[in-house]
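Written below as C-alpha cells is the structure these notes are about.
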Amino acid sequence: MAEAIPSIFSIPLHFTRPPSVQDELTTQTSAAQQDTIAECLPFLTSAEDASKSPFDFNDHGVPRLDRQGHIDFLHGSLREFPAGFVAVDASRPWMVYWALMGLYLLGEDVTYYRERVITTFAPMQNASGGFGGGHGQYSHLAGTYAVVLSLALVGGERAYSLIDRENMWKWLGRLKKANGGFEVCEGGEVDVRGAYCAMVIIVLLNLPFELPSPIHTNVGTLSTFQQGLEDYLAKCQTLEGGISGAPGNEAHGAYAFCAIACLCLMNEPHIGLRSLDLPSLLSWLSSRQYAPEGGFAGRTNKLVDGCYSHWVGGCWPLIEGFLYGPRTALNSPTDRVLRSLYSKEGLTRYILSCCQAQTGGLRDKPSKRADSYHTCYTLAGLSSVQHVHFHVHQDASISSSTHPFRWRSLPLCDLVSSSAAGLCDRRHWPSPQYGTYSSSAGYGCVVTVNHREYQTDAYYPTEDLAKENAAMRAYLICRNFSVNDGMYPVGHDHGGFVQGIPTAIGTGRHSHRHNGSDTSSSPGSSPGRQGNLRSSGYGSSSSSYGSHSYYGSSSSSYGSSSRYRSIYPASSRRS
Ligand SMILES: [Zn+2]
Numbered sequence: 001m002a003e004a005i006p007s008i009f010s011i012p013l014h015f016t017r018p019p020s021v022q023d024e025l026t027t028q029t030s031a032a033q034q035d036t037i038a039e040c041l042p043f044l045t046s047a048e049d050a051s052k053s054p055f056d057f058n059d060h061g062v063p064r065l066d067r068q069g070h071i072d073f074l075h076g077s078l079r080e081f082p083a084g085f086v087a088v089d090a091s092r093p094w095m096v097y098w099a100l101m102g103l104y105l106l107g108e109d110v111t112y113y114r115e116r117v118i119t120t121f122a123p124m125q126n127a128s129g130g131f132g133g134g135h136g137q138y139s140h141l142a143g144t145y146a147v148v149l150s151l152a153l154v155g156g157e158r159a160y161s162l163i164d165r166e167n168m169w170k171w172l173g174r175l176k177k178a179n180g181g182f183e184v185c186e187g188g189e190v191d192v193r194g195a196y197c198a199m200v201i202i203v204l205l206n207l208p209f210e211l212p213s214p215i216h217t218n219v220g221t222l223s224t225f226q227q228g229l230e231d232y233l234a235k236c237q238t239l240e241g242g243i244s245g246a247p248g249n250e251a252h253g254a255y256a257f258c259a260i261a262c263l264c265l266m267n268e269p270h271i272g273l274r275s276l277d278l279p280s281l282l283s284w285l286s287s288r289q290y291a292p293e294g295g296f297a298g299r300t301n302k303l304v305d306g307c308y309s310h311w312v313g314g315c316w317p318l319i320e321g322f323l324y325g326p327r328t329a330l331n332s333p334t335d336r337v338l339r340s341l342y343s344k345e346g347l348t349r350y351i352l353s354c355c356q357a358q359t360g361g362l363r364d365k366p367s368k369r370a371d372s373y374h375t376c377y378t379l380a381g382l383s384s385v386q387h388v389h390f391h392v393h394q395d396a397s398i399s400s401s402t403h404p405f406r407w408r409s410l411p412l413c414d415l416v417s418s419s420a421a422g423l424c425d426r427r428h429w430p431s432p433q434y435g436t437y438s439s440s441a442g443y444g445c446v447v448t449v450n451h452r453e454y455q456t457d458a459y460y461p462t463e464d465l466a467k468e469n470a471a472m473r474a475y476l477i478c479r480n481f482s483v484n485d486g487m488y489p490v491g492h493d494h495g496g497f498v499q500g501i502p503t504a505i506g507t508g509r510h511s512h513r514h515n516g517s518d519t520s521s522s523p524g525s526s527p528g529r530q531g532n533l534r535s536s537g538y539g540s541s542s543s544s545y546g547s548h549s550y551y552g553s554s555s556s557s558y559g560s561s562s563r564y565r566s567i568y569p570a571s572s573r574r575s
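For the sequence shown, the residue numbers in the UniProt record's numbering are 1 to 575.
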C-alpha cells in the first residue's frame, strides 16, 4: 500500500474541521450555523483537493487573489444596470462609491471616471444642502457621505467645486439634535450612521465645527457639532459590550464601526475611545470571529459574512490606535510584529477562500452572489489584515488639530523572515543566510536561499528592515520552486519568475537547520551585486498571502494617501 503523501500546504487544523465543542440544543440558528460551516469547509481546504492545481494556492493553502477578475467585475458594475435595479434608485451614490473604492483598493486609476461621477451627482445636490440618493430625492446623510467620498476618490478641482459647502454646513446644522446625535435626513431617524457620516463630511470638507446661525431649535443649548456626541455614542454601547444603532437597540458590527470611527474623527484614538467600556467592547468584537470559517459575523448568533471584514475588521486598527497610543514612526520589524487582537490569518483565509466568486467580485459567503458592496468591504478587510496601522504624533508647530489625517499604514512584513525560514525547512533547503551592508544611504542586505542570492532593491533605515526586504524578495520567488528545485510543468504559465544569482554549492551552507534569525553581518561593505531582480516585476513589499503583488499598488482604507486629507485647504475654513 502506497504511503500517504504529506500535504505541501500548511493549513492549521482548526480551519479544516468543525468546532470540537458543539451546543447540544438544536435550533434554527444552530442549524443555519452548521450549514454555513459545511458550506465553507470545502473552500477552506480546497488546496488539498487533488483536482485543483497546487499553483493556484500559496504555501499556506490560501488561494491567490483574482485581482483582474475583481477589477473587471467592478468596472462592469459601473455600466448601465438592468431595469430591475430601479429598486435601488435611492442608492445611486453607493453603487458608485463601492465600485470606485474597490477599484482604488486594487490599485486602479479611478480618475478615469471623474467626468461621469460629476455628471451623475450634479443633479442630485439639493439647493438647501446635501445630496439625495437619486434625482429629485431629499438629501440624506448616507447618500451624501457616498457622494463626498466618491468625489474625493476621483479628485480634481471640478469634482471638489461641485459641492456647495456653505449650504452643506447649514443642512448639517439642521440635522444635529439636542441629544448630541444626528438625524440621517430632516425629520428622519437619529442613529450612529448619521453621526459617523456627518463627521466624515465635516472633516473631509473642512467645514466649521461651530453650528451655523441662526442655531436650529433642534439642538437646545449646543453650539458645536461635536457637543453631546461622545455621550450619545457611549449610550449606544449595549450590555453585551457592542454598539447599537441607537440607545437601547441590539449591538451590531456596522454600528460599532461607525461609532468607533466617529469618536476617532473627533479626537485622537487614545483619547476618543475613553468614553467606551473597552474591555467589554473587545470581548464582543472578538466573539464575532468564528472558526473554522475565520470570518466575522455582524451580531451574536448570526452567520459569518464577508462585508463584516470591514465593519468589524475595521474596528481593530482604531482600537489598536487607542491601546498603543500615538507613534512617531515604525522603524523596526519588531514594531510591526503582529500584536493583533484578532486572527488576521483566519480573516485572510475566509476572504480569499470563501468570498471570491469564480466570475470575479467578492461575496458574503460561498452560496451568495458577488456584488460591489461585498467586493468593496471584503477588499477593505483584506487591506486591513495586510497592513499595520498607527496614529502619529501631531507636530507641535501645527496649531489646528489634524488628527483625522494622521493615520499611517505600512504593509505587514514582520513575519517574512520566519516565513522564508519555514519555506526552507519544508523544502529541505539550508536555512536562509543574511549578509547586511551599509552606506551613507542606509542598510542593504543579500540573503542566500537555496544556493541563490537575493538582494534588497533600496536602502533601509535599519538592518532589520533591510533583512526583511531581502527575505521578502527571496520568499516571493522561492515559494514557487519545489523541493528538488524543479520548475513549473511544461506548458504552465509561470508568470516569468526570475531566480536569484546562483552561488557555488557549499557556499554559506549551514551544517544544521536553525532559526532564520541567523545573520552574518558585514557592515560597511557592499557586496557590489547588481539588483538582478529589479526587473522581475516584484515590488519591494508584498504579502505572504494572496496575490501577485497585492500590496504593490494597493492602499489601506486608513492609509496615508493624500486622497485622505481634507479636500479643502485650511484657508477655506469658515470660522
Ligand atoms: Zn454582508
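Every residue gets a Cβ at the ideal spot worked out from N, C-alpha and C, and that includes glycine.
- Here L362 is bridged, per DSSP, to Q356.
- Distance from the C-beta of C376 to the nearest heavy atom of ligand 1 is not below 6 Å.
- CA-to-CA, the gap between H387 and D59 works out to about 20 Å.
- A contact is defined here as three or more CB-CB pairs under 8 Å, and the stretch 165-180 meets this definition with respect to the stretch 215-226.
- For D305, the shortest C-beta to heavy atom distance toward ligand 1 is below 6 Å.
- Distances between the C-beta of D364 and the heavy atoms of ligand 1 include at least one below 6 Å.
- Bridge partners of K176 according to DSSP: F182.
- With contacts defined by Cβ atoms closer than 7 Å, N301 and T29 form a contacting pair.
- Between V446 and A420, the beta carbon gap of about 13 Å keeps them out of contact (Cβ cut-off 8 Å).
- Secondary structure note for Q433: its beta strand (DSSP E) is the uninterrupted segment 433-439.
- Taking the CA atoms as reference points, C264 sits about 23 Å from A297.
- By the CB criterion at 7 Å, E48 and S7 fall inside the cutoff.
- For L44, there is no enclosing beta strand (DSSP E); the residue is part of the alpha helix (DSSP H) that begins and ends at 28-44.
- CA-to-CA, the gap between A251 and N167 works out to about 34 Å.
- When rounded, the separation of the alpha-carbon atoms in R369 and V86 is 19 Å.
- For the 7 Å CB-CB criterion, C307 and W98 do not form a contact.
- Within the same chain, and ignoring the five residues on either side of A146 in sequence, the residues whose Cβ sits closer than 6 Å to its Cβ are P93, W94, Y97.
- Take the alpha-carbon of D425 and the one of S431: they are about 7 Å apart.
- By the Cβ neighbour-count rule, F322 is buried, with 16 or more other Cβ atoms within 10 Å of its own.
- Here Q125 is bridged, per DSSP, to F131.
- Annotated as distal: Y373 and G295, with beta-carbon spacing of 7 Å or more.
- Nearest to P208 by C-alpha distance, out of Q226, E320, V148, Q125, is Q226.
- Judged by DSSP in its simplified three-state form, H60 adopts coil rather than helix or strand.
- A Cβ-Cβ separation of about 15 Å leaves G134 out of contact with A83 under the 8 Å criterion.
- Under the three-state reduction of DSSP, P411 is assigned to strand.
- For secondary structure counted as the alpha helix (DSSP H) over 4 or more consecutive residues, the stretch 226-304 holds these complete runs in sequence order: 229-235, 253-266, 269-272, 278-286.
- No residue range can be given for T462, since it is assigned to no alpha helix (DSSP H) and is classified by DSSP as neither H nor E.
- D371 is the residue among E293, W316, D371 whose C-alpha sits nearest the C-alpha of F81.
- Here the alpha carbon of C262 sits roughly 20 Å from the alpha carbon of E186.
- Residue environment for T27: exposed (fewer than 16 other C-beta atoms within 10 angstroms of its C-beta).
- Excluding the 5 residues flanking it on each side, M199 has same chain C-beta neighbours closer than 7 Å at C262, L265, M266, in chain order.
- The straight-line gap separating the alpha-carbon atoms of I260 and L149 is approximately 19 Å.
- V96: member of the alpha helix (DSSP H) spanning 92-105, first to last residue.
- Close CB contacts of S280 within its chain, under the 7 Å cut and outside five residues either way in sequence, are with G241 (chain order).
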